[in-house]
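Keeping their order, the protein sequence lines are chains A and B.
Quick note: to get the working numbering, add 128 to the position in the first sequence (first position is 1).
Quick note: to get the working numbering, add 814 to the position in the second sequence (first position is 1).
Every residue gets a Cβ at the ideal spot worked out from N, C-alpha and C, and that includes glycine.
Computed from a prediction, not measured in an experiment: that's the story for all the values here.
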Amino acid sequence: MEREPSLLEQVGAVARRSATDAFRQRALLFFPMLFPLILFAINGSALSKATEIPHFPTHSYRAFLLAFPFVQGAMFVSISAGTSLGRDIETGFLNRLALTPLRSEAMLVGQLGGAFVLGCVQAVVYLLVGFATGVGFASGAGGVIVLLLLSLMISFAFASLGGLLALRLGSGEAVQGIFPLLFVTLFLSSSTLPRNLIKAAWFREVATYNPVSYLVEGLRSLVIQGWNAQALELGFGFALALAVITIALSRPAMRTRLART
Amino acid sequence: MSGSAVAIEVHKLVREFRKGPRAVDGIDLAVQNGEIYGFLGPNGAGKSTTVHMLTTLLPPTSGRATVGGFDIVREGGQVRAAIGAALQEAALDAILTGREHLMLQATLQGIPAKERKQHAQALLDRVGLAEAADRRVGGYSGGMKRRLDLALALVHEPRILFLDEPTTGLDPQSRAALWEEVARLAHDEGITVFLTTQYLEEADALANRIGIIDRGQIVAEGTPAQLKAEIGSPSVEVVPVDPDAFDTLAELLARFGSAQRNGRGSVTVQLPGGEAELAEIVRALDSIHLRVESLQLHQPSLDDVFLAKTGRKLEGAGA
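Here it is, written out as structure tokens:
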């Protein structure tokens, strides 16, 4: 009476479980979403005078900063995805799944499903907060949709990174331990100032080589500039590259973790 | 599944870990269809490593094994389709409910969508979790988790079931309930059960045959009765009411066999003629009016077997 389920069924089943887990852990859902908003509120107020710097690209610092919670939220998603997968490795749940006909690709993509859903919810909340604080979109309604798409791609890319870390380290705690390093990359990017206005040469250099700058700038361009093809290409390009590289590296790691003959 | 009467066949199976000893060191065993095979040994003896190899989760370093007629290395997919396994850690997701676990497992095992709910409900009823089905597993007791674990192993109706220390940490009531279900699976449904345990009474109560493993090697194998018979006859331990009668008691019991004086004021004697000699001992004690505080017949236990084969008691042997 059994037949091997299709890849889509497998991905769906694992993703449903992953999303259920994510939504039922309210604390993990709420606080990671709240923290970027708190920083958005603090920085948005404390650094609002930055718009008076000559050549600052917009008069609204909140509009400039809106990309920040999207990227920081995506980084939190990576922790959620990594911690969840790490827990499955530690508890042996992955072994249980390994005894079914589940394919490693389905496990990998499905496991990221919960993080993806989490990313969707966060993106909508950040967008609504942006609108509520008077942020307008230079790129119009179409820009809002593109921003959501880019935001989801960034969440997926960071979730993949979290998954890779979990597969390599085999522990949720280890993934959480690495999280502060991710955070540093956000602060060493152009998240709070345009790169050309960063005075410290070393910081400007680091921000230029830091891919997170391009994720932030891609999102930001839709809010404050309108349609900037180069910024969008770089934003989507780096998000896609991160997702592709981490998934490519995760596949052999997942095969090893889902070890079976 | 092949038509062979042998469900599990193992030849010279070895598993070495890097920088570690041989966890499994060339074991041979055969389990017949419908049999409950008890794999008894202390912690670290190699039981779980053997189960991981036989369930295809761990490749062997050398040797070969077939499960359900399929080679564990070359035909892993067919082996997994033939088996169900409840591994040592009762790996469950604390956030999901029991029913959600079963639905996930049913989907991944390819149970058709329209049958999944009914199938899950039937399994929940069977393991006595119907009332707790929609509660999160994080709130389940140890016994409930083990029962759910068993139900999950049965989702695709396997012919062979691997249970890795299924009752470790359970209270006596939960343990008895699980024993009952395992026995029912084997006797009523003909499922072959490969059960690892460190509990002597569990192996004794459930298994048709027992393999005793120690330090990666099988040191004894047979039915519980065969194993006990192998190491000798029953013994009688007698404690006199009057401590001054200790020497008299020892002399009397020496007529029946080699009497051993115990520090706790008792004398033990092996009964080469079996428990039939007990009546004669009672008559002899009565004939000299020697009053006894207690008189106990000790049957050889699997612990005695383990002691005889390894020189150590099973309890604490893993330490």
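Rounding to the nearest angstrom, what Cα-Cα distance links Glu1035 of chain B and Gln846 of chain B in this structure? Residue numbering aside, residue 1035 of chain B sits at position 221 when the second sequence is read from its first letter. Residue numbering aside, residue 846 of chain B sits at position 32 when the second sequence is read from its first letter. Approximately 14 angstroms, taken between the alpha carbons.
Quick one: grab the DSSP three-state call for Thr186 of chain A. In the first sequence, the residue the question calls residue 186 of chain A occupies position 58. Three-state DSSP puts Thr186 of chain A in coil, outside helix and strand.
Contact criterion: CB-CB distance below 9 angstroms. Does Thr384 of chain A meet it with respect to chain B? Residue mapping note: residue 384 of chain A aligns to position 256 of the first sequence, counting from 1. It does not; no Cβ of chain B falls within 9 angstroms.
Quick check on DSSP: helix, strand or coil for Tyr851 of chain B? For the purposes of this step, residue 851 of chain B is identified with residue 37 of the second sequence, where counting begins at 1. Three-state DSSP puts Tyr851 of chain B in a strand.
Please list, in chain order, the chain A residues whose beta carbon lies closer than 8 angstroms to that of Ala1093 of chain B. Sequence index remark: in the second sequence, residue 1093 of chain B carries index 279 (1-based). The contacting residues do not exist; Ala1093 of chain B stays about 54 angstroms from chain A at best.
Exposure label - Glu1107 of chain B; buried when at least 16 CB within 10 Å: For this step, residue 1107 of chain B is matched to residue 293 along the second sequence. Its Cβ having fewer than 16 others within 10 Å, Glu1107 of chain B is exposed.
Compare the C-beta of Leu922 of chain B against all C-beta atoms of chain A and say whether one is closer than 9 angstroms. The sequence position of residue 922 of chain B within the second sequence is 108, counting from 1. Yes, its Cβ sits closer than 9 angstroms to a Cβ of chain A.
Proximity below 9 angstroms, CB of Leu276 of chain A to CB of Ala251 of chain A: Numbered from 1 along the first sequence, position 148 holds the residue referred to as residue 276 of chain A. Numbered from 1 along the first sequence, position 123 holds the residue referred to as residue 251 of chain A. Taking 9 angstroms as the Cβ cut-off, Leu276 of chain A and Ala251 of chain A qualify as a contacting pair.
Given a cut-off of 9 angstroms on the beta-carbon distance, is the pair Ser862 of chain B and Gln902 of chain B in contact? Counted from its first residue, the second sequence places residue 862 of chain B at position 48. Counted from its first residue, the second sequence places residue 902 of chain B at position 88. In contact: Ser862 of chain B and Gln902 of chain B (Cβ atoms closer than 9 angstroms).
I'd like to know whether the C-beta of Glu180 of chain A is nearer than 9 angstroms to at least one C-beta of chain D. Among the protein chains of the structure shown, namely A and B, there is no chain D.
Neighbourhood of Glu218 of chain A by C-beta distance below 8 angstroms, restricted to the same chain and skipping five residues each side: As a working note, residue 218 of chain A is residue 90 in the first sequence. Gly298, Ser299 and Gly300.
Any idea what DSSP makes of Leu1111 of chain B, helix, strand or coil? As a working note, residue 1111 of chain B is residue 297 in the second sequence. If DSSP states are grouped into helix, strand and coil, Leu1111 of chain B belongs with the strands.
Starting from Val828 of chain B, trace the alpha helix (DSSP H) in both directions and tell me its first and last residue. Within the second sequence, residue 828 of chain B is the residue found at index 14, counting from 1. First-last for Val828 of chain B: Val820 to Glu830, but that is the beta strand (DSSP E), not the alpha helix (DSSP H).
Contacts around Leu194 of chain A, its chain only, beta-carbon distance under 6 angstroms, and the 5 residues preceding and following it disregarded: By 1-based counting over the first sequence, the position of residue 194 of chain A is 66. Closer than 6 angstroms at the Cβ level, and outside the excluded window around Leu194 of chain A, lie Gly258, Val263 and Val351.
Along the region 847-878 of chain B, what residues have a CB closer than 8 angstroms to any CB found in chain A? Thr869, Thr870, Leu871, Leu872 and Pro873
Is there a C-beta anywhere in chain A that falls below 9 angstroms from the one on Gln902 of chain B? Here residue 902 of chain B refers to the residue found at position 88 of the second sequence. Answer yes: the Cβ-Cβ gap between Gln902 of chain B and chain A drops below 9 angstroms somewhere.
For a contact defined as C-beta to C-beta under 8 angstroms, what are the partners of Glu914 of chain B on chain A? In the second sequence, residue 914 of chain B corresponds to position 100, counting from 1. Ordered by position in chain A, the residues that pass the 8 angstroms Cβ test against Glu914 of chain B are Arg145 and Thr148.
Touching by the beta-carbon criterion (3+ pairs, under 8 angstroms), the region 820-835 of chain B and the region 320-327 of chain A: no
Got a sec: is the Cβ-Cβ distance from Ala302 of chain A to anything in chain B below 9 angstroms? Here residue 302 of chain A is taken as the residue at index 174 of the first sequence, counted from 1. Not one chain B Cβ lies under 9 angstroms of Ala302 of chain A.
Ordered along the chain, which non-local residues of its own chain (more than five positions away) have a Cβ less than 7 angstroms from that of Glu1051 of chain B? Start at 1 with the first residue of the second sequence, and residue 1051 of chain B comes out as number 237. Here the set comprises Ser1080, Thr1082, Gln1110 and His1112.
Under a three-way DSSP split, which group does Val941 of chain B fall into? Position 127 of the second sequence, counting from 1, holds the residue named residue 941 of chain B. Coil, per DSSP.
Cβ separation of Leu937 of chain B and Pro133 of chain A, assumed to be a contact under 8 angstroms, to the nearest whole Å: Locating residue 937 of chain B in the second sequence gives position 123, counting from the first residue. Locating residue 133 of chain A in the first sequence gives position 5, counting from the first residue. About 18 angstroms separates the two Cβ atoms, so there is no contact after all.
Check the Cβ-Cβ distances between Asn223 of chain A and every residue of chain B, and say whether any is below 9 angstroms. In the first sequence, residue 223 of chain A corresponds to position 95, counting from 1. Cβ-Cβ to chain B under 9 angstroms: yes for Asn223 of chain A.
Contact with chain B by Thr219 of chain A, beta-carbon distance below 9 angstroms: Taking the first sequence and counting its residues from 1, the one referred to as residue 219 of chain A is at position 91. Closer than 9 angstroms to some Cβ of chain B, the Cβ of Thr219 of chain A qualifies, so yes.
Quick check: the Cα distance between Leu843 of chain B and Leu1009 of chain B, rounded to an integer number of angstroms? Position 29 of the second sequence, counted from the first residue, corresponds to residue 843 of chain B. Position 195 of the second sequence, counted from the first residue, corresponds to residue 1009 of chain B. Rounded to whole angstroms, Leu843 of chain B to Leu1009 of chain B spans 13 angstroms at the Cα level.
Skipping 5 residues on each side, what residues in its chain have a beta carbon closer than 6 angstroms to that of Pro164 of chain A? Numbered from 1 along the first sequence, position 36 holds the residue referred to as residue 164 of chain A. Excluding sequence neighbours, Pro164 of chain A sits near Pro197, Gln200 and Gly201.
Give the C-beta separation of Val303 of chain A and Ile207 of chain A to the nearest angstrom, bearing in mind that I take them to be a contact with Cβ-Cβ under 8 angstroms. Here the question's residue 303 of chain A lines up with position 175 in the first sequence. Here the question's residue 207 of chain A lines up with position 79 in the first sequence. At roughly 6 angstroms, the Cβ-Cβ gap stays under 8 angstroms, so Val303 of chain A and Ile207 of chain A are in contact.
Who pairs with Pro1054 of chain B in a beta bridge, going by DSSP? Looking up residue 1054 of chain B in the second sequence gives position 240. In the DSSP output, where bridge partners are listed per residue, Pro1054 of chain B has B:Val1106.
Grouping DSSP H, G and I as helix and E and B as strand, with all else coil, what is Val1033 of chain B? Numbered from 1 along the second sequence, position 219 holds the residue referred to as residue 1033 of chain B. If DSSP states are grouped into helix, strand and coil, Val1033 of chain B belongs with the strands.
I think Leu347 of chain A touches Leu278 of chain A, with their Cβ atoms under 8 angstroms apart; what is that distance to the nearest whole Å? As a position in the first sequence, residue 347 of chain A is number 219, starting the count at 1. As a position in the first sequence, residue 278 of chain A is number 150, starting the count at 1. Their Cβ separation, rounded to whole angstroms, is 6 angstroms, which keeps Leu347 of chain A and Leu278 of chain A in contact under 8 angstroms.
Thr1140 of chain B versus Leu309 of chain A: straight-line alpha-carbon distance, rounded: Only positions 815 to 1133 of chain B appear in the structure, and residue 1140 of chain B is not among them; the question remains open.
Three or more C-beta pairs under 8 angstroms: does that hold for the region 1012-1028 of chain B against the region 849-864 of chain B? yes
Nonlocal neighbours in the same chain, by C-beta distance under 7 angstroms from Gly890 of chain B, ignoring five residues either side: What you label residue 890 of chain B is simply residue 76 of the second sequence in a count that begins at 1. These residues qualify, in order along the chain: Thr870.
Proximal residues to Trp993 of chain B (C-beta, below 8 angstroms), its chain only, five neighbours per side dropped: As a working mapping, residue 993 of chain B is identified with position 179 in the second sequence. Contacts found: Thr981, Glu1016, Ala1019 and Leu1020.
Could you list which residues in chain B have their beta carbon closer than 7 angstroms to that of Gln239 of chain A, in chain order? Translated into positions along the first sequence, residue 239 of chain A becomes position 111. Under the 7 angstroms cutoff, chain B gives no residues; its nearest Cβ is about 12 angstroms from Gln239 of chain A.
Would you decide whether Tyr337 of chain A is buried or exposed? Buried here means 16 or more other CB atoms lie within 10 Å of its CB. What you label residue 337 of chain A is simply residue 209 of the first sequence in a count that begins at 1. Exposed, since its Cβ has fewer than 16 Cβ neighbours within 10 Å.
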